[in-house]
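Residue numbers (our numbering): 186 to 760. Note that beta-carbon positions come from the ideal geometry of N, C-alpha and C, so glycine has one too. Being a predicted model, the structure only gives us computed values, none of them experimental. Just below is one structure, and these are the notes that go with it.
This is the structure:
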């Protein structure tokens, strides 16, 4: 029996067998016979990797959601680092190295620089650079990936030195039971993916790669960070007791009766799910419908603009499956950072601050009207709402509403049935929208806070940039005060308020959100049982007072500790 201690980063317990992720040997030619030919090969490889990452991004977005897809986005940001890749070009020309050896040499130099940094988070981010270099070397060699492929055909725990986004995206999620890595911390890619999939993960388990062998029995405690290989009978029995206790807790959440959710003091809280297509929702009886239908996914699957009929058929199916429950369609939210070839969008230095979402729609009225008409047609007989993303000014919101009314009139003249009273609201995710919320309120039927972009913009921290990732945290006082202001303004003007970002499913954040007058949470479906259980044990009045206290606090770590403790104590109610 061998025991390893690491960082418990994704809660849960699993008993399974080991499957090791081994690094494949890569043979590199050292020198270049023709520097210009090597440069040409290098530029071709850059284009191929860019295309590969774009495909992986869309695949991850479809299969694992936005948070997991952001891991691939990190690679795309690194690939745009001109200074780093210009250094590689210089090595090819001046040192006469082969393109692969030049990449490796610059990567090694970069590793030395990062290893001397005091900040552990920044040291860890070198793994992203190494992974991009490995993938580029692989592409230049026309290989499937710098690391060997893992074929998963049975339930396993993956044991690896480290895991990159590309590695994890390629794995068959059906049999994946957990991750253990020898390196990495709480912000590693394995952790983020494990949380997205709801499976346990441990990082920093030093020495495990040497000790582990394929097929070995493994006990993985993602809560405490403990890993045991080839456990003895006593250890296995103790672990199984912990597994049983965790299963009972999960069952306690799942046993929560269906129906409407109210806090202990009688405040109704609506809990909806996020969706990207018209697939059946398993937990439909546990939720209040689809609080965020991401319409861009259908556009991503096409090679040209989807027709009104195709959009209508998809939207109608989602509305039909929801029955009498609401479906909130967010209009197309795409941009230069994830440009679709057929849209012909310009390349941008900072696409998150550029041409995206409603800005594109308002510039392309025919495309926008096609989508609005499809949603209006699907509204017939359903509980449909429309939500406009990335609103930055009153003029944008008014123009969106004018377009919507124009589409209603067109359909009416054509004799096509649609609901006349479809509510139209907006995402609150830009600082400008927060500052003029009182001006926007009379023209919005509801507000929905997108905490992912709101955090990014308020903290001036590109969520795909590893160098500033520590700032991309919704628990920072500035973001919390923005949320509190949004809640106060929405309540003053009687505008219904929901939250649909990652924070909506964060157990520590939920009490604060309810204290900010949030009336609806739209979350990933797997989180439904636990969130419902928590909300039913919260007291709205206490949450309001908690929120008032939190916005006076200054330390992000103290805020997190206070909110986590409050949420954990609340979850213990009724045990």
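Selection from the options that minimises the alpha carbon distance to residue i
{"i": "residue 235", "options": "253, 224, 244 and 265", "result": "265"}
{"i": "residue 321", "options": "270, 446, 392 and 298", "result": "270"}
{"i": "residue 639", "options": "221, 538 and 385", "result": "538"}
{"i": "residue 549", "options": "450, 588, 657 and 666", "result": "588"}
{"i": "residue 391", "options": "191, 344 and 605", "result": "191"}
{"i": "residue 293", "options": "282, 356, 471 and 315", "result": "315"}
{"i": "residue 383", "options": "711, 284 and 715", "result": "711"}
{"i": "residue 260", "options": "312, 218 and 737", "result": "312"}
{"i": "residue 283", "options": "690, 713 and 227", "result": "227"}
{"i": "residue 516", "options": "656, 274, 652 and 560", "result": "560"}
{"i": "residue 444", "options": "358, 428 and 470", "result": "470"}
{"i": "residue 223", "options": "286, 187, 238 and 239", "result": "286"}
{"i": "residue 397", "options": "386, 435, 189 and 541", "result": "189"}
{"i": "residue 545", "options": "718, 615 and 519", "result": "519"}
{"i": "residue 346", "options": "204, 622 and 318", "result": "204"}
{"i": "residue 754", "options": "740, 702, 693 and 713", "result": "693"}
{"i": "residue 543", "options": "393, 615 and 487", "result": "615"}
{"i": "residue 725", "options": "447, 295 and 598", "result": "447"}
{"i": "residue 494", "options": "461, 513, 467 and 554", "result": "554"}
{"i": "residue 240", "options": "416, 485, 186 and 665", "result": "485"}
{"i": "residue 630", "options": "348, 663 and 586", "result": "586"}
{"i": "residue 716", "options": "701, 727, 696 and 729", "result": "696"}
{"i": "residue 342", "options": "461, 536 and 362", "result": "362"}
{"i": "residue 449", "options": "408, 340, 225 and 719", "result": "719"}
Residue interval of the beta strand (DSSP E) (run including residue i)
{"i": "residue 198", "result": "198-206"}
{"i": "residue 194", "result": "192-195"}
{"i": "residue 342", "result": "341-345"}
{"i": "residue 593", "result": "From DSSP, residue 593 is part of no beta strand (DSSP E) but of the alpha helix (DSSP H) over 579-598."}
{"i": "residue 411", "result": "411-414"}
{"i": "residue 366", "result": "361-366"}
Nearest-angstrom Cα separation, counted from residue j out to residue i
{"i": "residue 194", "j": "residue 558", "result": "45 Å"}
{"i": "residue 583", "j": "residue 610", "result": "11 Å"}
{"i": "residue 699", "j": "residue 411", "result": "35 Å"}
{"i": "residue 620", "j": "residue 438", "result": "39 Å"}
{"i": "residue 569", "j": "residue 682", "result": "16 Å"}
{"i": "residue 669", "j": "residue 459", "result": "23 Å"}
{"i": "residue 197", "j": "residue 457", "result": "25 Å"}
{"i": "residue 571", "j": "residue 206", "result": "45 Å"}
{"i": "residue 744", "j": "residue 660", "result": "7 Å"}
{"i": "residue 404", "j": "residue 428", "result": "10 Å"}
{"i": "residue 231", "j": "residue 367", "result": "30 Å"}
{"i": "residue 491", "j": "residue 276", "result": "46 Å"}
{"i": "residue 507", "j": "residue 474", "result": "6 Å"}
{"i": "residue 578", "j": "residue 628", "result": "12 Å"}
{"i": "residue 748", "j": "residue 636", "result": "17 Å"}
{"i": "residue 740", "j": "residue 746", "result": "10 Å"}
{"i": "residue 505", "j": "residue 708", "result": "20 Å"}
{"i": "residue 706", "j": "residue 291", "result": "46 Å"}
{"i": "residue 257", "j": "residue 242", "result": "6 Å"}
{"i": "residue 399", "j": "residue 416", "result": "15 Å"}
{"i": "residue 599", "j": "residue 563", "result": "16 Å"}
{"i": "residue 431", "j": "residue 757", "result": "13 Å"}
{"i": "residue 328", "j": "residue 481", "result": "The predicted position of residue 328 is uncertain, since its pLDDT is 46 and thus under 50; no value can be drawn from it."}
{"i": "residue 624", "j": "residue 245", "result": "38 Å"}
{"i": "residue 592", "j": "residue 608", "result": "14 Å"}
{"i": "residue 220", "j": "residue 229", "result": "14 Å"}
{"i": "residue 466", "j": "residue 296", "result": "45 Å"}
{"i": "residue 255", "j": "residue 673", "result": "31 Å"}
{"i": "residue 497", "j": "residue 641", "result": "33 Å"}
Per DSSP, the bridge partner or partners of residue i
{"i": "residue 435", "result": "DSSP lists no partner for residue 435."}
{"i": "residue 388", "result": "192"}
{"i": "residue 571", "result": "514 and 609"}
{"i": "residue 406", "result": "198 and 411"}
{"i": "residue 631", "result": "In DSSP, residue 631 forms no bridge with anything."}
{"i": "residue 713", "result": "Paired residues: none, contrary to the question."}
{"i": "residue 708", "result": "458"}
{"i": "residue 187", "result": "414"}
{"i": "residue 541", "result": "520"}
Residue i - containing alpha helix (DSSP H), residue span
{"i": "residue 617", "result": "616-620"}
{"i": "residue 553", "result": "550-563"}
{"i": "residue 734", "result": "725-735"}
{"i": "residue 758", "result": "Residue 758 -> no alpha helix (DSSP H), and no H or E assigned at all."}
{"i": "residue 393", "result": "393-396"}
Can you list, in chain order, the stretches of the beta strand (DSSP E) that have 3 or more residues and sit fully within the segment 445-521?
453-460, 474-479 and 511-515
Which complete alpha helix (DSSP H) runs does the segment 235-305 hold, if anything under 4 residues is left out?
251-264, 267-279 and 284-300
Any chance you could list the beta strand (DSSP E) runs of at least 3 consecutive residues sitting entirely within the segment 640-701, in chain order?
The qualifying runs are 682-684.
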